[in-house]
Amino acid sequence: MKFSKFGQKFTQTTGISQLMDDLGDALKSDQPVNMLGGGNPAKIDAVNELFLQTYQALGHDSNASDPDSSAIISMANYSNPQGDAEFIDALVGFFNRHYDWNLSAENIALTNGSQNAFFFLFNLFGGAFSDNKLDEHGQDKDSQSVDKSILLPLAPEYIGYSDVHIDGQHFMAVLPHIDEVTHDGEEGFFKYRVDFEALENLPALKEGRIGAICCSRPTNPTGNVLTDDEMAHLAEIAKRYDVPLIIDNAYGMPFPNIIYSDAHLTWDDNTILCFSLSKIGLPGVRTGIIVAAPEVIAAVSAMNAVVNLAPTRFGAAIAKPLVQNDRIKQLSDNDIKPFYQQQAKLAVRLLKEALGDYPLMIHKPEGAIFFWLWFKDLPITTLELYERLKEKGTLIVPSQFFFPGVDISDYQHAHECIRMSIAADEQTLTDGIAVIGEVVRALYDEAK
370 MKFSKFGQKF
380 TQTTGISQLM
390 DDLGDALKSD
400 QPVNMLGGGN
410 PAKIDAVNEL
420 FLQTYQALGH
430 DSNASDPDSS
440 AIISMANYSN
450 PQGDAEFIDA
460 LVGFFNRHYD
470 WNLSAENIAL
480 TNGSQNAFFF
490 LFNLFGGAFS
500 DNKLDEHGQD
510 KDSQSVDKSI
520 LLPLAPEYIG
530 YSDVHIDGQH
540 FMAVLPHIDE
550 VTHDGEEGFF
560 KYRVDFEALE
570 NLPALKEGRI
580 GAICCSRPTN
590 PTGNVLTDDE
600 MAHLAEIAKR
610 YDVPLIIDNA
620 YGMPFPNIIY
630 SDAHLTWDDN
640 TILCFSLSKI
650 GLPGVRTGII
660 VAAPEVIAAV
670 SAMNAVVNLA
680 PTRFGAAIAK
690 PLVQNDRIKQ
700 LSDNDIKPFY
710 QQQAKLAVRL
720 LKEALGDYPL
730 MIHKPEGAIF
740 FWLWFKDLPI
750 TTLELYERLK
760 EKGTLIVPSQ
770 FFFPGVDISD
780 YQHAHECIRM
790 SIAADEQTLT
800 DGIAVIGEVV
810 RALYDEAK
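With our numbering as the guide, the letters of the sequence shown map in order to residues 370 to 817.
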């Protein structure tokens, strides 16, 4: 059976497909697996209890004068392609209440998860464009196709971005400055910073071959949080070159708010903000949220109609009351963020104990649910390390998949890092880091 180029692209092995396959295989395994590789959020009792209570209440919220008003009954109908109207209204109220953005319902669309959102956005702003040239009479001339890329101002970036474009390779990325820093008074940490000089001197930016600028905040995989100054600088560059700035807030403000540094969230009509219900503890409901200018929302809604008919309403039904009464923000601030802060402290301690005298550098923990570990001059690539750890029942993700838009063939750093989840329970985190320490110590010792 032969597949089209489209089919061949999406059936080949990719970093994200490998990650999800390993996650599924681990869940089915009859042997214990230290799951430090996936993106599932932690199981937090207060979070699960609130969602369960909210779910149980859905069937009892009918308006006596409108028997079809129950959230459960509403799920028997499609929403419009923009998404559940009541949840969108609740989000408009929430963002205006907390940020004074003066949004309307025309500024928000829902998608079936943020991965779905980025598939839409990256194919809207990256790929083949017509140059739309007109002759002296105002008539269309023979247009030529211009290929535009999505610019990632800081690599490494999210593994799930790499393969969402329909045709060609639509990413361009800038390698970071790497600064050695301290964390809580300790040595052995580093932080990535945007290389603005390299960014602003990109020929593609000056030649109009960039369709959008995109970053995640906090960054998946590293937990890096771009500073407010860095974000303002990126916003200024985007406006200067008339391209949108897309910000992935899957781990950021205001929910789940897994950010430990001093950071603020801003929006204007040249900014596209993407949110998700996954990392507050609802990955299975596949609900993404886009806040953008009305023309972007209209385009996403049209794509929803073709690809999905309509977004799922289940996540909207659960989240709507929590957005209306601000419980979603309280849950994020009081339960989710402190949980991961404690997990980060535990992970640092365990890693220092396991590899204290070996060449380990930890990216400064500033947010998200991952640690990014750098093993300087590792004798093997971290893709090989990944295979060795998997044999010992411990899953991580090797670094090479996190550099979309970069030729990493001669960039050694891209082969020396791993992403490790800190969302696992304490025993799994302890056991998994012990295995990482054992294998990595042996590799360095053998190379002496």
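Cβ coordinates follow ideal geometry from the N, Cα and C atoms, glycine included.
Please report how far the alpha carbon of residue i lies from the alpha carbon of residue j, in whole angstroms.
| i | j | result |
| --- | --- | --- |
| Ser768 | Ile777 | 10 Å |
| Val808 | Arg757 | 8 Å |
| Ile666 | Arg810 | 51 Å |
| Gly580 | Asn677 | 25 Å |
| Glu566 | Lys575 | 13 Å |
| Thr596 | Ala445 | 44 Å |
| Asp726 | Ala573 | 44 Å |
| Ile519 | Leu603 | 14 Å |
| Phe494 | Leu651 | 28 Å |
| Ile649 | His546 | 31 Å |
| His467 | Phe491 | 28 Å |
| Asn626 | Met370 | 47 Å |
| Asp608 | Ser499 | Just to set this straight, residue 608 is Lys in the shown sequence, not Asp. Taking the straight line from one Cα to the other gives about 21 Å. |
| Phe624 | Glu455 | 19 Å |
| Lys745 | Thr797 | 25 Å |
| Gly762 | Val804 | 9 Å |
| Asn589 | Asn618 | 10 Å |
| Trp859 | Leu460 | With the chain covering 370 to 817 only, the question about residue 859 has no answer from this structure. |
| Phe558 | Leu752 | 22 Å |
| Ser434 | Gly428 | Interpretation of Ser434 is limited by its pLDDT of 47, a score under 50 that renders its predicted location unreliable; the figure taken from the coordinates is listed afterwards. Each residue's alpha carbon lies about 16 Å from the other. |
| Leu634 | Glu760 | 42 Å |
| Asp637 | Val612 | 13 Å |
| Ile582 | Asn639 | 11 Å |
Excluding five sequence neighbours on each side, which residues of the same chain lie with their C-beta closer than 8 Å to the C-beta of residue i?
| i | result |
| --- | --- |
| Pro748 | Leu812, Tyr813, Glu815, Ala816 |
| Leu419 | Leu691, Arg696, Leu700 |
| Val563 | Pro522, Leu523, Val543, Pro545, His546, Leu595, Glu599, His602, Leu603 |
| Asp702 | Asn626 |
| Trp743 | Phe559, Leu729, Met730, Ile731, His732, His782, Glu785, Cys786 |
Inspect the beta-carbon positions of residue i and residue j and report whether they are closer than 7 Å.
| i | j | result |
| --- | --- | --- |
| Ala474 | Gly452 | no |
| Asp516 | Ala542 | no |
| Leu369 | Thr656 | Lying outside 370 to 817, the shown extent of the chain, residue 369 is not represented and no answer is given. |
| Leu544 | Gly801 | no |
| Gly806 | Ala716 | no |
| Arg586 | Ile616 | yes |
| Val533 | Phe487 | yes |
| Pro822 | Ser483 | There is no way to answer for residue 822, as the model of the chain reaches only from 370 to 817. |
| Ala792 | Ala411 | yes |
| Phe644 | Ile658 | yes |
Run through the DSSP bridge pairs and tell me what residue i is partnered with.
| i | result |
| --- | --- |
| Asn403 | Thr763 |
| Glu549 | Phe559 |
| Leu479 | Ile658 |
| Leu729 | Phe744 |
| Ile627 | Beta-bridge pairing links Ile627 to no other residue. |
Below 6 Å CB to CB, which residues in the same chain sit around residue i once its five sequence neighbours on both sides are set aside?
| i | result |
| --- | --- |
| Ser386 | none |
| Met672 | Phe489 |
| Leu691 | Ile697 |
| Ser448 | Ala679, Arg682 |
| Pro734 | Gly592, Ala713 |
| Pro450 | Ser670, Asn673, Ala674, Ala679 |
| Leu568 | Pro522, Val543 |
| Ser514 | Ala497 |
Once the 5 residues before and after residue i are set aside, which same chain residues still bring their CB inside 7 Å of it?
| i | result |
| --- | --- |
| Asp704 | Ile413, Ala415, Val416 |
| Thr380 | Phe372 |
| Lys560 | Asp548, Val550, Asn593, His732, Lys733 |
| Tyr342 | The structure shown does not extend to residue 342, since the chain is modelled only from 370 through 817, so no value can be given for it. |
| Tyr610 | Leu574, Ile579 |
| Pro663 | Glu475, Asn476 |
Would residue i pass as an interface residue toward chain D - the criterion being a Cβ-Cβ separation below 7 Å?
| i | result |
| --- | --- |
| Ile615 | In the displayed structure, chain D is absent; only one protein chain is listed. |
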